[in-house]
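For the sequence shown, the residue numbers in mature numbering (1 follows the signal peptide of the UniProt record, and there is no 0) are -19 to -1, 1 to 576. C-beta: ideal position from N, C-alpha, C; glycine also. To start, the structure itself, in structure tokens.
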Amino acid sequence: MFVTSVCTTLLLLALGATAKKPNILFILTDDQDWHMQSLEHMPFLQKYLVQEGTLYTNHYCTVAICCPSRVNLWTGRAAHNTNVTDVFPPYGGYPKIVHEGINSNYLPIWMQDSGYNTYYTGKLWNAHTVDNYNAPYAGGYNGSDFILDPYTYEYYNAWMSRNGQAPVSYKGQYSPDITAEKAYGFLEEATQHKEPWFLTVAPIAPHSNVKLEPIDAVDMDAPKYAKRHAHLFKDYRIPRDANFNPEKQGGVAWVKTLPRLNDTVIEYNDEFQRSRLRALQSVDEMIEKLIKTLEEKNLLEDTYIFFTTDNGYHISQHRMHPGKECGFDTDIHIPLIIRGPGIARNRISDAVTSHTDLSPTILKLAGQTREDFDGTPIPVYEQEVLAANNNRNSRHEHVNIEFWGMAIPEGQYAHYDGGPSDGNGLYKDATRNNTYKGLRLIGEDYSIYYSVWCTGDREYYDVALDPGQLDNYFDAEAEATRRGYSIAGRSFEEVVNRLDALMLVLKSCKGRDCVEPWSVLHPGGNVKTLKDALAKTFDAFYEEQPKVSFDSCELGYIKELEGPQIPNVYDDGEERLELRGQPSFKYQGHWSLFT
Ligand SMILES: *[C@@H]1O[C@H](CO)[C@@H](O)[C@H](O)[C@H]1NC(C)=O
Ligand SMILES: *[C@@H]1O[C@H](CO)[C@@H](O)[C@H](O)[C@H]1NC(C)=O
Ligand SMILES: *[C@@H]1O[C@H](CO)[C@@H](O)[C@H](O)[C@H]1NC(C)=O
Ligand SMILES: *[C@@H]1O[C@H](CO)[C@@H](O)[C@H](O)[C@H]1NC(C)=O
């Protein structure tokens, strides 16, 4: 009896000692690339985050544009479930976020519910403006200082609202530096209280400099940088990778028909990336100061630091003007670094992760979970990272990519035929018909990108063989390649049948089914990877699946025009038995999804 109570007391003491939840510092840049070496040109990020933390080399956004990607990130739900699919109304932006109930149901609110004080500075959403910042106020923050539209991307003309007060102009000051100053202030404030804190810092760098007004003459140019960084990167050039302004163009739909960029544009584009790298130096300096401050306050060992961006970026790859919105790796494959207690130093995680997973991850660090997540916590602690690296099958191998709307070229030479885009002059150089579903699959023996477009086009890149994603196996002239191709001894056609069924599940999945999509097709649970699904016994099942398709190209998520929604479910003897008896909860779950 005595022994038991001593043990209980010790246990309670131990629990008490660990009861203080960790702090979270989240740094979110805007449009930062992985494929043009931006990380290598941030020395403090290298020193304090990469070398002291874990770098996730297979991390993806699921929608390659700011607002939908941020909604995905801060809700842990896929874009087809948030239905925030654009930057501006009717399909996106702050009014749509409010309309969808997200302003009162997203990570900062859940963190407050978990006992955290929450702070945010920088850009929160698009169409969050000097007029609607108080109608309603952005939910979930104890302290906030938001950069507001229509001035969000004017580097020397920010307007910001602090704690709900009337917006203030910062004309003439450098936006990322202002955001940094506000971050230091909130860090000071957060550490005055006994509660754990969650601070997000979201500078606009290295997004383009954009003047949204007048609306019929929107001007997008390279980002502006602070004078102190003007001398840097004079010799930098965008890597001349295989997909850099290629002689033979790949891609489909509007991408396929792009003309090659001339030398004037290439030169402009190199300077464009130099400007982005310079703009990122302000972020890099901020990283050092935030780390030093945490160190001085003796908080480094109690704080997780996340670094990522909302989506990637391309410049000159695939003959494209500066921009995003594509399913190529340049646009979806992005940096993620985490440092903090229990996290390995200077380690690489190659687990397949996405922004859908970050809210579940952060909430788990805060000791909570939710049922409505479409993602799952990522491996964070050293042992988890090692276990996932050593056993690829311990975690899913897919990322579900979605996009609705236009492709918007940025920069002074920006022009794509395909407009007029939306009738009011905004994005006059954009192209429509950029609506597609994508599937990025990274398994033990394969690395694939598969897509189905609203135009009926399809893409298949073997990214292991063709990292530049230039050889689309659906091209008419790729016939011989298709014939000679196999994965696990199975033909191209059999592989594509599997991918199509997987995409059919993912494009309308909810909750656990988004994490374990094969179990929707094979409720028996014996198929967990593409390789498993390629077994010959399943050939007829996959041939007969309804195929992913669109009725037309829309600028938003109009479900009725997006083809079949319900996959066939594989029914083997054992599963039939299970069905005749008591249907398992899991099985019922799958059906309720489609009704
Ligand atoms: C932060 O906001 C939450 C939710 O409104 C509140 O419960 C908490 O007391 C606030 N913290 C401080 C320090 O005011
Ligand atoms: C290069 O291309 C741009 C954009 O199409 C065009 O404006 C410019 O005139 C071209 N320059 C030359 C030298 O052809
Ligand atoms: C866009 O796609 C539709 C099919 O939905 C097609 O009729 C139209 O020609 C396409 N427009 C362009 C500019 O490619
Ligand atoms: C998504 O939102 C748009 C705009 O409000 C609406 O037209 C559409 O029906 C919605 N889609 C779904 C699947 O709810």
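Pick from the options that is closest to residue i, judged by C-alpha positions
i: PRO184; options: VAL246, MET141, VAL529; result: MET141
i: ASN123; options: ALA411, ASN144, ASP216; result: ASN144
i: THR416; options: ILE423, ARG326, CYS534, CYS47; result: CYS534
i: SER50; options: THR66, VAL31, HIS40; result: THR66
i: ASP200; options: TYR408, VAL508, GLU497; result: TYR408
i: THR350; options: GLY492, ASN107, ALA332, HIS210; result: GLY492
i: THR357; options: SER19, VAL333, THR10; result: VAL333
i: TRP385; options: THR245, LEU515, VAL433, HIS503; result: VAL433
i: ASP532; options: ILE196, THR245, LEU542; result: LEU542
i: SER530; options: MET484, LYS278, TYR523; result: MET484
CB of residue i within 8 Å of CB of residue j, strictly
i: VAL361; j: THR342; result: yes
i: VAL477; j: PRO548; result: no
i: HIS78; j: VAL52; result: As written in the sequence, residue 78 is Ile, which differs from the His given in the question. Contact flag set, yes.
i: LYS2; j: TYR165; result: no
i: TYR431; j: LEU420; result: yes
i: HIS314; j: ALA395; result: no
i: GLU306; j: ALA59; result: no
i: GLY121; j: THR99; result: yes
i: ASP291; j: CYS42; result: yes
i: TYR294; j: THR311; result: yes
i: GLY537; j: PRO71; result: yes
i: THR337; j: ASP355; result: yes
i: ILE468; j: LEU515; result: yes
i: LEU317; j: THR284; result: no
i: ALA108; j: PHE69; result: yes
i: TRP235; j: TYR397; result: yes
i: ASN370; j: GLN32; result: no
i: ARG464; j: LEU511; result: no
Beta-carbon contacts of residue i that lie in its chain and below 8 Å, excluding the five residues immediately before and after
i: GLU135; result: SER156, ASN190, VAL191, LYS192
i: GLN173; result: none
i: PHE253; result: ALA203, ILE296, PRO303, GLY392
i: ASP94; result: GLN349
i: GLN27; result: LEU20, GLU21
6 Å Cβ shell around residue i - same chain, five flanking residues per side excluded
i: ASN453; result: GLY231, GLU440
i: PRO527; result: PRO545
i: SER85; result: GLY120
i: LYS152; result: ASN138
i: THR181; result: PHE7, TYR101
i: GLU363; result: ALA325
i: SER150; result: TRP140
With 16 other Cβ atoms within 10 Å as the buried cut-off, status of residue i
i: ASN4; result: buried
i: HIS212; result: exposed
i: GLY34; result: buried
i: SER263; result: buried
i: GLN450; result: buried
i: GLY437; result: exposed
i: PRO24; result: exposed
i: LYS104; result: buried
i: GLY404; result: Note on GLY404: pLDDT 48, under 50, position unreliable in the model; the coordinate value appears next. When all chains shown are included, GLY404 counts as exposed.
i: PRO564; result: Its pLDDT being 34, under 50, PRO564 is placed unreliably in this model, and the coordinates cannot settle the point.
i: LYS540; result: exposed
i: PRO177; result: buried
i: GLU378; result: buried
i: LYS488; result: buried
i: ALA411; result: buried
i: ILE196; result: exposed
i: GLN146; result: exposed
i: ASN115; result: exposed
Own chain partners of residue i with C-beta closer than 7 Å, once the 5 adjacent residues on each side are dropped
i: SER297; result: ILE219, PHE225, ASN226, LEU242, ILE247, ASN250
i: GLU194; result: PRO131
i: TRP55; result: TYR87, LEU88, SER340
i: PRO117; result: VAL79, ASN84
i: TYR29; result: ILE268, GLU269, ILE272
i: LYS345; result: PRO358
i: ALA186; result: THR10, ASP11, PRO157, PRO204, ALA260, LEU261, SER263, VAL264
i: ARG373; result: GLY424, GLU425
Minimum Cβ-Cβ distance from residue i to chain D less than 8 Å
i: ARG421; result: Included in the structure is just one protein chain, with no chain D present.
As an exercise, report each continuous alpha helix (DSSP H) stretch of at least 4 residues that is fully enclosed by the stretch 319 to 388, in chain order. 339 to 346, 363 to 371
Counting only runs of 4+ residues fully inside the stretch 81 to 114, write out the alpha helix (DSSP H) ranges in chain order. 88 to 94
Report the start-end ranges of each alpha helix (DSSP H) in the stretch 465 to 495 that is 4 residues or longer and not cut off at the edges. 473 to 487
As an exercise, report each continuous alpha helix (DSSP H) stretch of at least 4 residues that is fully enclosed by the stretch 201 to 267, in chain order. 234 to 237
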